[in-house]
Amino acid sequence: MKLISGTGEFTGIDTSTIVLFCFEKDFAADRDLKELNKRLNGAVQSLYHSGEFEGKRNQTFVLHTLNNLKAGRVVLAGLGEKKKVDDDSYRQAAGTIARVPSVKKSETLAFFLNKNEKESAVSAIVEGFLLGRFDMKDYKTGDDNKNDLTRSVSFISGNARLSRAYGKALVRGELISEAVILARRLAAHPGNILTPKAFASEAQMLAKKHSLKCTVLDEKQIREEKMGALLAVAQGSEQPPRFVILEYNGGKKTDKPIVLIGKGITFDTGGISLKQAADMDEMKGDMTGGAIMLAVITAASRLKLPLHLVTLVPLAENMPSGKATRPGDIIKSRKGKTVEIINTDAEGRLILADALDYANKFHPQAVIDIATLTGAALFVLGYAGAPILGNNKRLMDALKAAAHNSAEKVWEMPLWEEYRELMKSSIADLKNSGGRPAGTITAAAFLENFIGDWPWAHIDIAYVDLEKSGQPYIPKGPTGIGVRLLIELLSHWKKL
Ligand code: BES
Ligand code: MN
Ligand code: ZN
Numbered sequence: 048m049k050l051i052s053g054t055g056e057f058t059g060i061d062t063s064t065i066v067l068f069c070f071e072k073d074f075a076a077d078r079d080l081k082e083l084n085k086r087l088n089g090a091v092q093s094l095y096h097s098g099e100f101e102g103k104r105n106q107t108f109v110l111h112t113l114n115n116l117k118a119g120r121v122v123l124a125g126l127g128e129k130k131k132v133d134d135d136s137y138r139q140a141a142g143t144i145a146r147v148p149s150v151k152k153s154e155t156l157a158f159f160l161n162k163n164e165k166e167s168a169v170s171a172i173v174e175g176f177l178l179g180r181f182d183m184k185d186y187k188t189g190d191d192n193k194n195d196l197t198r199s200v201s202f203i204s205g206n207a208r209l210s211r212a213y214g215k216a217l218v219r220g221e222l223i224s225e226a227v228i229l230a231r232r233l234a235a236h237p238g239n240i241l242t243p244k245a246f247a248s249e250a251q252m253l254a255k256k257h258s259l260k261c262t263v264l265d266e267k268q269i270r271e272e273k274m275g276a277l278l279a280v281a282q283g284s285e286q287p288p289r290f291v292i293l294e295y296n297g298g299k300k301t302d303k304p305i306v307l308i309g310k311g312i313t314f315d316t317g318g319i320s321l322k323q324a325a326d327m328d329e330m331k332g333d334m335t336g337g338a339i340m341l342a343v344i345t346a347a348s349r350l351k352l353p354l355h356l357v358t359l360v361p362l363a364e365n366m367p368s369g370k371a372t373r374p375g376d377i378i379k380s381r382k383g384k385t386v387e388i389i390n391t392d393a394e395g396r397l398i399l400a401d402a403l404d405y406a407n408k409f410h411p412q413a414v415i416d417i418a419t420l421t422g423a424a425l426f427v428l429g430y431a432g433a434p435i436l437g438n439n440k441r442l443m444d445a446l447k448a449a450a451h452n453s454a455e456k457v458w459e460m461p462l463w464e465e466y467r468e469l470m471k472s473s474i475a476d477l478k479n480s481g482g483r484p485a486g487t488i489t490a491a492a493f494l495e496n497f498i499g500d501w502p503w504a505h506i507d508i509a510y511v512d513l514e515k516s517g518q519p520y521i522p523k524g525p526t527g528i529g530v531r532l533l534i535e536l537l538s539h540w541k542k543l
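Take any residue in the sequence shown, count from 1 to its spot, add 47: that is its number in our numbering.
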């Protein structure tokens with residue numbers, strides 16, 4: 048789809064459909080709405096009067112213009128109360144618009160921008176629109192494209208001086224959306240298709256396309272690296288593990304990298320500590336952390352961020368079999384620390400442990416990991432946001448600021464001594480499960496044992512990775528939450 052920026056008055060735009068953003072109960076103050084009302088013989092005022100459309104958040108209304116305007120239809124898009132409107136109001140409104148049938152049937156669509164919109168709001172509109180219309184069609188046979196005819200989307204500014212900046216904002220919004228969609232698509236692929244090997248080839252293909260450096264360790268090389276924790280998780284599966292290393296350096300040669308680690312369990316049955324059957328299919332998304340870090344480093348390179356980045360993705364499938372790790376087994380991690388496996392379903396922290404230790408090779412300035420790590424995260428923040436933990440106030444504050452700006456919410460949990468105690472084993476250095484209490488925190492307390500002397504942040508995206516019903520710009524399915532958060536963080540990165 049083509050995204051075009053331009054300047055003009057909404058009355059003269061030659062397009063099938065034009066979108067006008069509206070503040071709540073703002074008819075009297077909105078000159079464009081009043082002009083439209085005049086041309087449509089009072090139709091708009093009557094909508095506001097009857098309450099059929101009032102500009103409430105995510106409210107929409109389609110008007111046919113019957114030759115009273117150059118555009119065939121006008122879609123009114125509510126932003127909500129003027130003083131509460133922010134970038135996400137635009138993102139949501141655009142996401143809602145994307146799924147309006149009249150919009151899908153419009154070959155050409157134009158968003159009219161005449162409210163002094165910030166550049167970031169224009170990026171948000173692009174994101175909302177592209178993310179809202181996302182639909183995973185890979186596994187549907189037959190022609191499903193009949194319902195989506197939109198070929199070009201214009202962004203027409205009423206103010207010529209803004210339109211150059213808007214052009215840049217369009218590109219940024221499109222690029223970010225493509226990163227989110229990449230993560231969503233990888234997460235949606237089933238376990239029989241997206242094996243550790245297939246994920247690694249995907250990473251290699253992306254690296255080639257976006258000139259990133261890519262190394263993939265196979266099973267033998269993983270053994271040579273002494274990644275005993277990753278191997279212990281992988282050993283029950285017919286699918287061999289992989290370890291992906293991607294590098295982008297848009298900074299100075301001497302810049303220490305920020306290392307981004309994502310959990311890459313391509314399917315999590317729980318292993319011998321087998322999960323219940325209900326919803327187990329959702330565990331095809333247990334590589335979402337890895338998909339996010341792939342998407343983030345790709346976007347960083349496309350956005351030419353002046354940073355040195357490394358992405359690490361440990362990949363394995365967690366299966367029960369005659370070769371699988373047993374509860375009670377003791378394994379040796381890359382770092383040399385021994386771990387008693389209490390529960391083979393606590394596999395994510397094991398593969399992350401070896402990746403965190405591997406990060407030392409890069410002498411990182413900071414390390415961030417993201418993972419669908421604990422079911423307990425659901426009982427911390429529900430579906431509304433992701434728990435974060437870490438060891439550096441400036442890094443945590445930067446993450447919180449990025450969460451605010453991206454509307455991908457996070458909240459910090461404490462890492463107290465009590466939680467560290469729960470992860471000690473009586474027979475080995477550590478155990479991999481501390482039981483039910485504070486499960487999200489004890490998982491992070493386990494990971495902390497494998498970090499080096501650097502700032503570290505951990506993001507648990509269990510449950511926010513998957514949308515059950517559908518939100519304005521998050522259709523049912525994998526959300527890609529974390530991609531926009533981390534791109535926002537890296538876009539404003541300051542040395543810690
Ligand atoms: N991948 C799961 C966590 C998960 C559960 C993510 C539900 C998304 C939805 C993880 O590997 C896991 O099974 N964690 C266990 C840990 C426990 C055994 C200590 C959990 O949360 O139950
Ligand atoms: Mn598990
Ligand atoms: Zn898992």
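For glycine and all other residues, C-beta sits at the position ideal for the given N, C-alpha and C.
Grouping DSSP H, G and I as helix and E and B as strand, with all else coil, what is E285?
-> Counting from 1 along the sequence shown, the entry for residue 285 is found at position 238. Look at E285 here: in three-state DSSP terms it is coil, with no helix or strand label.
Within 8 Å, strictly: CB atoms of L397 and A279 = For the purposes of this step, residue 397 is identified with residue 350 of the sequence shown, where counting begins at 1. For the purposes of this step, residue 279 is identified with residue 232 of the sequence shown, where counting begins at 1. Result yes, Cβ atoms of L397 and A279 sit closer than 8 Å.
Report the three-state DSSP secondary structure of T385 (helix, strand or coil).
-> Counting from 1 along the sequence shown, the entry for residue 385 is found at position 338. In the structure shown, T385 sits in a strand (DSSP, three-state: E or B).
Please state whether DSSP places N84 in a helix, a strand or coil.
-> For the purposes of this step, residue 84 is taken as residue 37 along the sequence shown, with counting starting at 1. Residue state for N84 is assigned as helix, using DSSP reduced to three classes.
Burial state of P186 (16 or more Cβ within 10 Å) | For this step, residue 186 is matched to residue 139 along the sequence shown. For the record, residue 186 in the displayed sequence is Tyr; it is not Pro. It is exposed - the Cβ of Y186 has fewer than 16 other Cβ atoms within 10 Å.
Give the range of the beta strand (DSSP E) segment to which K49 is assigned.
-> By one-based count along the sequence shown, residue 49 stands at place 2. For K49, the uninterrupted beta strand (DSSP E) run begins and ends at 49 to 54, by DSSP.
S204 bridges to which residues according to DSSP?
-> Counted from its first residue, the sequence shown places residue 204 at position 157. BP columns for S204 point to T54, L160.
Around ligand 1, what residues have a beta-carbon under 5 Å from a heavy atom of it, in chain order?
-> D315, D333, N390, D392, A393, G395, T419, T421, G422, S480, A509
Evaluate M252 with the Cβ neighbour count: other Cβ atoms within 10 Å of its Cβ, from every protein chain shown; 16 or more gives buried, anything less gives exposed.
-> If you number the sequence shown from 1, residue 252 lands on position 205. It counts as exposed.
What does S472 pair with, by DSSP beta-bridge criteria?
-> Residue mapping note: residue 472 aligns to position 425 of the sequence shown, counting from 1. According to DSSP, S472 bridges with nothing at all.
Give a single yes or no on whether I51 has its beta carbon closer than 7 Å to a heavy atom of ligand 3.
-> Counting from 1 along the sequence shown, the entry for residue 51 is found at position 4. Not under cutoff, so the answer is no.
Can we say the region 414 to 423 touches the region 483 to 497, given the rule of at least three CB pairs closer than 8 Å?
-> With the cut-off at 8 Å, the region 414 to 423 and the region 483 to 497 touch.
Using DSSP bridges, identify the partner residues of T489.
-> Numbered from 1 along the sequence shown, position 442 holds the residue referred to as residue 489. Partner(s): none; T489 has no beta bridge.
To the nearest angstrom, report how far apart A402 and V150 are at their CA atoms.
-> Within the sequence shown, residue 402 is the residue found at index 355, counting from 1. Within the sequence shown, residue 150 is the residue found at index 103, counting from 1. If I take the Cα positions, the gap works out to 45 Å.
Span of the beta strand (DSSP E) around E364 | As a working mapping, residue 364 is identified with position 317 in the sequence shown. Per DSSP, E364 belongs to the beta strand (DSSP E) from 355 to 365.
Quick check: the region 50 to 63 against the region 106 to 119, are there 3 or more CB pairs under 8 Å?
-> Counting C-beta pairs closer than 8 Å gives three or more between the region 50 to 63 and the region 106 to 119, which meets the contact rule.
With a threshold of 16 other CB atoms inside 10 Å of the CB of E468, please say whether the residue is buried or exposed.
-> Residue mapping note: residue 468 aligns to position 421 of the sequence shown, counting from 1. Classification of E468: exposed, given that the 10 Å Cβ count is below 16.
Is the beta carbon of D416 less than 8 Å from the beta carbon of K382?
-> Counting from one through the sequence shown, the residue named residue 416 turns up at place 369. Counting from one through the sequence shown, the residue named residue 382 turns up at place 335. Not a contact, by the Cβ cut-off of 8 Å.
Helix, strand or coil: which one does DSSP assign to K256?
-> As a working note, residue 256 is residue 209 in the sequence shown. Secondary structure of K256 (DSSP, three-state): helix.
When the Cα of S42 is compared with those of G375, T197, L442, K523, which residue comes out closest?
-> The structure shown has nothing for residue 42, since the chain only spans 48 to 543.
Would you check whether ligand 2 has a heavy atom nearer than 7 Å to the C-beta of G317?
-> On the sequence shown, residue 317 is found 270 positions in, with the first residue counted as 1. Relative to the non-hydrogen atoms of ligand 2, the Cβ of G317 comes within a distance shorter than 7 Å of at least one.
Check V427 in the structure and name its three-state DSSP category.
-> One-based indexing of the sequence shown puts residue 427 at position 380. In this structure, DSSP gives V427 a helical state, which the three-state scheme calls helix.
Work out the CA separation of L178 and N161 for me, nearest whole Å.
-> Residue 161 sits at position 114 when you count from the first residue of the sequence shown. Residue 178 sits at position 131 when you count from the first residue of the sequence shown. Computed Cα separation, rounded: 23 Å.
In this structure, does DSSP put V414 in helix, strand or coil?
-> As a first step, residue 414 must be located in the sequence shown, where it is residue number 367. Correct three-state label for V414: strand.
Could you tell me if I474 is buried or exposed, where buried requires 16 or more neighbouring beta carbons within 10 angstroms of its beta carbon?
-> Taking the first residue of the sequence shown as position 1, residue 474 is located at position 427. Its Cβ having fewer than 16 others within 10 Å, I474 is exposed.
Report yes or no: do the region 141 to 149 and the region 518 to 526 share at least 3 C-beta pairs separated by less than 8 Å?
-> yes
Endpoints, alpha helix (DSSP H) assigned at A124 = Residue numbering aside, residue 124 sits at position 77 when the sequence shown is read from its first letter. Run containing A124: none in the alpha helix (DSSP H); it sits in the beta strand (DSSP E), 120 to 127.
Can G275 and I378 be called in contact, C-beta distance under 8 Å?
-> Position 228 of the sequence shown holds residue 275. Position 331 of the sequence shown holds residue 378. Going by C-beta atoms, G275 is nearer than 8 Å to I378.
Please confirm whether any heavy atom of ligand 3 lies closer than 7 Å to the CB of I312.
-> Locating residue 312 in the sequence shown gives position 265, where the first residue counts as 1. Answer for I312: yes, Cβ within range of ligand 3.
Rounded to whole angstroms, what's the CA-CA distance from A510 to D392? Just pull it up for me.
-> Translated into the one-based positions of the sequence shown, residue 510 becomes position 463. Translated into the one-based positions of the sequence shown, residue 392 becomes position 345. Note that residue 510 is Tyr in the sequence shown here, rather than Ala. About 16 Å.
Proximity test, N438 beta-carbon vs ligand 4 heavy atom, cut-off 7 Å | For ligand 4, the structure offers nothing, since it holds only ligand 1, ligand 2 and ligand 3.
Three or more beta-carbon pairs under 8 Å between the region 262 to 277 and the region 296 to 312, yes or no?
-> no
Does the distance from the CB of V357 to the CB of E294 come in under 8 Å?
-> Numbered from 1 along the sequence shown, position 310 holds the residue referred to as residue 357. Numbered from 1 along the sequence shown, position 247 holds the residue referred to as residue 294. Result yes, Cβ atoms of V357 and E294 sit closer than 8 Å.
Check: N496 C-beta below 7 Å from any heavy atom of ligand 2 = Along the sequence shown, one-based indexing puts residue 496 at 449. N496: no, Cβ never under 7 Å from ligand 2.
Does ligand 2 have a heavy atom nearer than 7 Å to the CB of N365?
-> Along the sequence shown, one-based indexing puts residue 365 at 318. Because some heavy atom of ligand 2 lies under 7 Å away, the Cβ of N365 counts as near it: yes.
Same chain, Cβ closer than 6 Å to F70, neighbours up to 5 away in sequence not counted = If you number the sequence shown from 1, residue 70 lands on position 23. So the qualifying residues of the chain are G102, L126, K129.
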